[in-house]
Amino acid sequence: MMIMSSVLMKGVSGSRGIVGDTVTPELIARVGSAFAIFARHGRIVLGRDTRPTGPAIEKGLESALILSGCTVVNVGIVPTPTVQVMVEMTKADGGIMISASHNPIEWNAFKLIGRSGSFLTSSEIEKFFTIMEGPFDYRGWDGMGSLSGDRAAAEDLHIGRVMSVIDAETIRSRRFRVALDSVNGAGSDITRRFLDELGCEVIPVHCEMSGTFPRGAEPIPENLADLCEAVASEKADIGFAQDPDADRLAIVDEAGKPIGEEYTVVLAVEHQLSKKTGRVVINQSTTKAVDDIAQRHGAPVARTRVGEINVVEEMMRHGARIGGEGNGGVISPEVHLGRDSLVGIGYVLEMLAARGDTVSGAVKRLPEYIMKKGRIKLPDGGLDSSLLGRIARQYHDQKISTIDGLRIEFIDHSEFGGAWVHLRTSNTEPIFRIIAEGYDNRQVERLYAHFEKHIKE
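Numbering of the sequence shown is given in my numbering, commencing with residue 22 and proceeding in unit increments.
The following block contains the structure:
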C-alpha cells in the first residue's frame, strides 16, 4: 500500500505521525536514544496500545534504550495512565507510551513521561527535541542496559491506586451491569479486571486487544452504535467507551443514549466537589457546564491551553481538587496527574451507587448545553497567521482569550449571547478545530457556520 505523505506532529506530549512515512526506523532510534540521555540513562517504563505497528516500534525503542545503558521495564499492552502510575509509584526515571491515542490506525506516536509520572513540561519537551538532534551516547557491550517487565504487576498497581480512593463496597452493593467498549485497545483487559473487582457484570463490546479498531478511535457519539445497542439489548445500567490507550472515557446511559464525552468530566467534577470543594482546572475547549457546577459548590475554575500537561501544570500550581479535558479525560490528583478512564469509571459508579441514581437521572440534574465540534483540513502553507487576530479585533467587545488560538465568550444580549466559540490549530493532527457551545441547536449551528465561513474565507 502506498503511504500518503504526512507531517510529523510535535506537540506537548511528544511526536506522532503516519508509520512508514514520518514515523520511520531512524526516528524510532532517535527518540529512544534521545530519551535515554534525557532520563540520564536510568530506568524507563515502556508500554504500548494494540496498534499493529506497536510491536516493531517497541523493539526499536528497546534496542535504542538498552544500547544507551537504560534499564527497560516493558509492561506491554497497557493504558497510558498505567505507564504513568508505574513511573510515579516505582520511582522510575521516565516512561514512553507508544500510542497515537485517538488518531486513526495508520498513525503511531511516542508519549513521553517524566519522573513525576506526568507528561513532560513545555520546557522539558523542548529540551528533549534539542537532544534528538544528536549526538547520542551509546554504551559498549559491558555498559548495556537490561530488559524486564510484568504487565499484570503494572495493572495491579494501577487498579490498586484507583481502588484506594473510591468506596468499592458501595459500588459492589449495586451490582452494576456494565457494557464496555474498549475499541480492541489497551483498556480491554485492565478495565474488565477493574470492573470485576467492583462486582460489576461486564458485557464486552470490542474488547479483544486485536489492534483492529472496529469503530472510529475516538469515543464520540457517532462511533458508539455497537455499545448503545449492547446497553439497550442487554439491559445494562451503563455503557463505557474508551479510546485506544484508555485515557479518555465516554458514557452511554441505561437507555442506550450517549451523553456526550464532555459530560464525563462534568459528572466527575460534580461528584468530587460534592464531597469536598476545591479548585477545578479545565482547558479552553471544555463545556461551560463545568463552570456552572463549580459555581454551585463555590469552587474557582481555571482554564488552560488544550493538552493534558497544560491542565496538569495548572493543577499543580494551585493544588486543584480535580481537572480534566472535555474529550472525556478526567484528571485526579488523588490517583495521579494524568487523564485516566479508570478514574472516570470509578468516580461515576461511586456517585451512582451512593445516590441510588441512574445515568439519565444524574445527567438531568446537570446544566444543559449543546456543543458542536468540527475540523478543517489545513492547507499546505497553514492558515494566514493574521486571521485569528483580525477576528479578535472584530469581536473586541466580547470576552476574549488568546492563550490557545482564539476563544470568544459572547456577553448577554449580543448576537450569540451566552454562547462561546474556540478556534485553534490541533496539537495532534494537521487540522484546524472549531468548537461552538450554546443553549440550543439553532444558536450553535448559526455560531458554528458563522466562524467556519470566517476560517474558510
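The beta-carbon is built from N, C-alpha and C at its ideal position, and this holds for glycine as well. Computed from a predicted structure; not experimentally measured.
Check                                                                                                                                                                 : Outcome
CB Pro321 to CB Met336, shorter than 8 Å?                                                                                                                             : no
Could you check what DSSP says for Tyr469 in three-state terms: helix, strand or coil?                                                                                : helix
Find the nearest neighbour of Ile391 within the set Tyr460, Asn348, Ala60, Arg324, judged by alpha-carbon distance.                                                   : Tyr460
Return the chain-ordered list of same chain residues with a C-beta closer than 8 Å to the C-beta of Val327, the five sequence neighbours on each side being excluded. : Asn304, Gln305, Ser306, Glu346, Asp425, Arg445, Asn448
Mapping the DSSP letters down to three states, classify Pro187 as helix, strand or coil.                                                                              : Per the sequence presented here, residue 187 reads as Ile, with Pro not at that position. Here Ile187 sits in coil by DSSP.
Is it the case that the Cβ atoms of Glu218 and Val99 are separated by a distance below 8 Å?                                                                           : no
Does Gln263 come out as helix, strand or coil in the three-state DSSP assignment?                                                                                     : strand
So, at 6 Å on beta carbons, what are the nonlocal neighbours of Val40 in its own chain, with the 5 sequence-adjacent residues on each side left out?                  : Thr74, Asn129
Please report the distance separating the alpha-carbon of Val104 from that of Met118.                                                                                 : 7 Å
For Ala200, which three-state DSSP category applies?                                                                                                                  : strand
Specify, as a first and last residue, the run of the beta strand (DSSP E) that Phe453 falls within.                                                                   : 452-459
Contact check, Asn205 vs Ser231 under 8 Å by CB: the rounded distance?                                                                                                : 5 Å
Are the Cβ atoms of Ser144 and Gly359 separated by less than 8 Å?                                                                                                     : no
To the nearest angstrom, how far is it from the Cα of Met22 to the Cα of Val44?                                                                                       : Residue confidence for Met22 is low, a pLDDT of 33 falling below 50, so the modelled location carries little weight and cannot support an answer.
Under 6 Å Cβ to Cβ from Met25, same chain only, skipping five residues before and after it: list those, please.                                                       : Residue confidence is low: Met25 scores 40 on pLDDT, short of 50, so the model does not pin down where it sits. No coordinate-derived value is stated.
Nearest CA to the CA of Leu17: which residue from Gly220, Lys112, Pro156?                                                                                             : Coverage of the chain is limited to positions 22 through 478, which leaves residue 17 absent and any answer about it impossible.
How many Å lie between Val332 and Val301 at the Cα?                                                                                                                   : 10 Å
Please state the DSSP three-state secondary structure of Gly438.                                                                                                      : coil
Identify which residue in Lys296, His292, Ser435 has its Cα closest to the Cα of Tyr368.                                                                              : His292
How long is the line joining the alpha carbons of Val364 and Ala289, rounded to whole angstroms?                                                                      : 9 Å
Out of Glu450, Ala440, Pro451, which one is the CA nearest neighbour of Asn479?                                                                                       : The structure shown does not extend to residue 479, since the chain is modelled only from 22 to 478, so the question has no answer here.
In this structure, does DSSP put Pro102 in helix, strand or coil?                                                                                                     : helix
Along the alpha helix (DSSP H) that carries Ser144, what are the first and last residues, could you check?                                                            : 143-152
Residues in its own chain within less than 8 Å of Leu245 by CB, not counting five upstream and five downstream?                                                       : Asp202, Arg236, Gly260, Ala262, Ala271, Val273, Pro279
Would you mind reading off the limits of the beta strand (DSSP E) that contains Thr325?                                                                               : 322-325
Output the residue ranges of the beta strand (DSSP E) runs that lie fully inside the segment 280-313 and measure 3 residues or longer, sorted by chain position.      : 301-304
Just list the residues that DSSP pairs Ile134 with in beta bridges.                                                                                                   : Gly116, Phe140
From Val252 to Ile343, what distance separates their C-alpha atoms?                                                                                                   : 29 Å
Three-state secondary structure (DSSP) at Met25?                                                                                                                      : Residue placement at Met25 is flagged as unreliable, the pLDDT there being 40, under the threshold of 50; a coordinate-derived value is accordingly withheld.
Could you give the residue range of the alpha helix (DSSP H) that holds Val380?                                                                                       : 380-385
Please determine whether the Cβ atom of Gly367 lies at a distance below 7 Å from any heavy atom of the ligand ATP.                                                    : As far as ligands go, the structure on display features none, and thus does not contain the ligand ATP.
Assuming Val351 and Val286 make a contact with CB atoms under 8 Å, what is their CB distance in whole Å?                                                              : 6 Å
How big is the Cα-Cα spacing for Ser362 and Ala77?                                                                                                                    : 27 Å
Can you tell me the Cβ-Cβ gap for Leu141 and Ile432, rounded? I've got them flagged as a contact below 8 Å.                                                           : About 38 Å separates the two Cβ atoms, so there is no contact after all.
Nearest CA to the CA of Lys256: which residue from Arg198, Asp171, Thr308?                                                                                            : Arg198
For Ile49 and Gly164, I'd like the C-alpha separation in whole angstroms.                                                                                             : 21 Å
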